[in-house]
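See below for the structure under consideration.
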Amino acid sequence: MRRLVGLCALAALAACSSNSGAVSVSEPLVAATIPASPPTTAESTTTSTLAPTTTTEPLPADFLGEEVIGTSVEGRPITAWHRGTEGGTVVLVVGVIHGDEDAGLPILDRLAEVDLPAGLDLWVMPALNPDGVANQMRGNGNGVDLNRNFPHDWTAIAAPGEWQYSGSGPASEPETQAFIEFSSRIAPELTLWYHQDLFCLTPSKGRDRPLRETYSQITGLPIVAVTGGIYTGVAATWVRRTLDDAMSFIIELGPTVPDDERERHVQAVLEVSTMVVNGEV
Numbered sequence: 094m095r096r097l098v099g100l101c102a103l104a105a106l107a108a109c110s111s112n113s114g115a116v117s118v119s120e121p122l123v124a125a126t127i128p129a130s131p132p133t134t135a136e137s138t139t140t141s142t143l144a145p146t147t148t149t150e151p152l153p154a155d156f157l158g159e160e161v162i163g164t165s166v167e168g169r170p171i172t173a174w175h176r177g178t179e180g181g182t183v184v185l186v187v188g189v190i191h192g193d194e195d196a197g198l199p200i201l202d203r204l205a206e207v208d209l210p211a212g213l214d215l216w217v218m219p220a221l222n223p224d225g226v227a228n229q230m231r232g233n234g235n236g237v238d239l240n241r242n243f244p245h246d247w248t249a250i251a252a253p254g255e256w257q258y259s260g261s262g263p264a265s266e267p268e269t270q271a272f273i274e275f276s277s278r279i280a281p282e283l284t285l286w287y288h289q290d291l292f293c294l295t296p297s298k299g300r301d302r303p304l305r306e307t308y309s310q311i312t313g314l315p316i317v318a319v320t321g322g323i324y325t326g327v328a329a330t331w332v333r334r335t336l337d338d339a340m341s342f343i344i345e346l347g348p349t350v351p352d353d354e355r356e357r358h359v360q361a362v363l364e365v366s367t368m369v370v371n372g373e374v
């Protein structure tokens with residue numbers, strides 16, 4: 094059973110108005126699916142009810158809660174769950190920013206189950222772009238490429254309907270705004286972003302270089318430069334250039350992630366997180 098979809102479904106029933114703030118959700122995780130259409134009626138922002146299912150998954154002992162950090166263009170909640178050592182070294186993992194690039198979600202599911210290193214304060218955001226996931230398209234409900242919409246070095250790219258359309262202005266989209274507020278509040282020392290399907294990591298000369306090299310060694314992803322697009326308004330770059338002492342990089346998966354490969358990625362996330370916790374970078 095996929096924890097991710099259970100979390101998203103609980104959040105979907107918790108809060109859906111476009112101006113709602115963060116909402117904590119602590120009910121057990123249950124199987125469900127990301128709704129193809131947003132809710133059409135207003136519901137409470139403090140409680141949630143879900144139809145019973147045949148299986149309820151227990152929460153991990155170190156589960157610290159879940160938040161609805163914002164709402165998408167089409168009214169879907171953007172959720173993040175939290176486990177590990179509260180007050181420890183904060184690491185954030187984002188599963189989906191391009192809605193049709195969701196191969197990393199099984200990795201996030203496993204991060205809900207595995208033992209975490211001591212001192213790790215782990216936040217996991219399954220989908221910054223829940224509309225894109227539900228509609229299986231790259232952009233959000235406005236057709237904006239959220240990974241070109243962040244305010245650092247934003248430029249006007251393309252037109253509505255084109256694949257790299259960067260929006261009407263920097264941070265014009267509610268999903269971008271929600272991430273900026275949330276990440277500024279939790280201040281992650283490391284943020285990882287899953288994409289597909291170039292099957293690589295990009296090189297770095299910065300502080301995070303050893304992390305990328307370690308991730309590459311464990312997973313077999315080569316470290317190569319990526320070309321062929323316009324890379325302004327990128328989320329990972331915004332994190333590195335804006336948040337204090339923050340590292341952030343993109344992991345380009347292949348088209349799919351088989352089980353054995355998924356486990357290597359989980360190991361890599363835990364290893365690079367341990368390096369950050371131990372002050373090795």
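Under the working numbering, think of the first position of the sequence shown as 94, with each following residue one higher. For glycine and all other residues, C-beta sits at the position ideal for the given N, C-alpha and C. What you are looking at is a predicted structure, and each value in this text was computed from that prediction instead of being measured.
For residue j and residue i, the rounded distance between their alpha carbons
i    : j    : result
I344 : D246 : 21 Å
M218 : V161 : 10 Å
E364 : E194 : 24 Å
I200 : S366 : 15 Å
G324 : V374 : According to the sequence provided, residue 324 is Tyr. The question's Gly does not apply to it. If I take the Cα positions, the gap works out to 26 Å.
Q270 : N371 : 31 Å
G163 : C293 : 30 Å
R355 : V369 : 21 Å
N233 : A264 : 13 Å
W286 : E150 : 26 Å
V319 : E268 : 25 Å
R334 : W256 : 25 Å
F243 : E167 : 19 Å
A154 : V359 : 19 Å
I316 : G326 : 22 Å
Residue i, enclosing beta strand (DSSP E) - first and last residue
i    : result
T330 : Careful: T330 lies outside any beta strand (DSSP E), inside the alpha helix (DSSP H) at 328 to 335.
D214 : 213 to 220
Segment limits, alpha helix (DSSP H) that includes residue i
i    : result
T367 : 352 to 370
P210 : Run containing P210: none; DSSP gives neither H nor E here.
Proximity test, residue i beta-carbon vs the ligand ZN heavy atom, cut-off 8 Å
i    : result
W216 : With respect to the ligand ZN, the structure shown offers nothing to examine, as it has no ligands at all.
9 Å Cβ cutoff met for residue i and residue j
i    : j    : result
G188 : W174 : no
L198 : L221 : no
A328 : I171 : no
D214 : R169 : no
A196 : D290 : yes
L346 : H288 : yes
request  = Decide yes or no for the touch test of the segment 245 to 255 against the segment 292 to 307: beta carbon pairs closer than 8 Å, at least 3 of them.
outcome  = At 8 Å Cβ cutoff, the stretches do not touch.
request  = Determine contact between the segment 307 to 326 and the segment 208 to 217, defined as no fewer than three beta-carbon pairs at a distance below 8 Å.
outcome  = No, because fewer than three Cβ pairs between the segment 307 to 326 and the segment 208 to 217 fall closer than 8 Å, the two stretches do not touch.
request  = Give, in chain order, every unbroken run of the beta strand (DSSP E) that is at least 3 residues long and sits entirely within the segment 143 to 193.
outcome  = Annotation: the segment 143 to 193 contains the following complete segments of the beta strand (DSSP E) (minimum length 3 residues), in chain order: 156 to 164, 170 to 177, 182 to 189.
key: Start-end ranges of the beta strand (DSSP E) lying completely within the segment 279 to 340, minimum 3 residues   = Within the segment 279 to 340, the complete beta strand (DSSP E) runs of at least 3 residues are 283 to 289.
request  = Would you check if there are 3 or more beta carbon pairs closer than 8 Å linking the segment 180 to 197 to the segment 265 to 284?
outcome  = They touch, by the three-pair rule.
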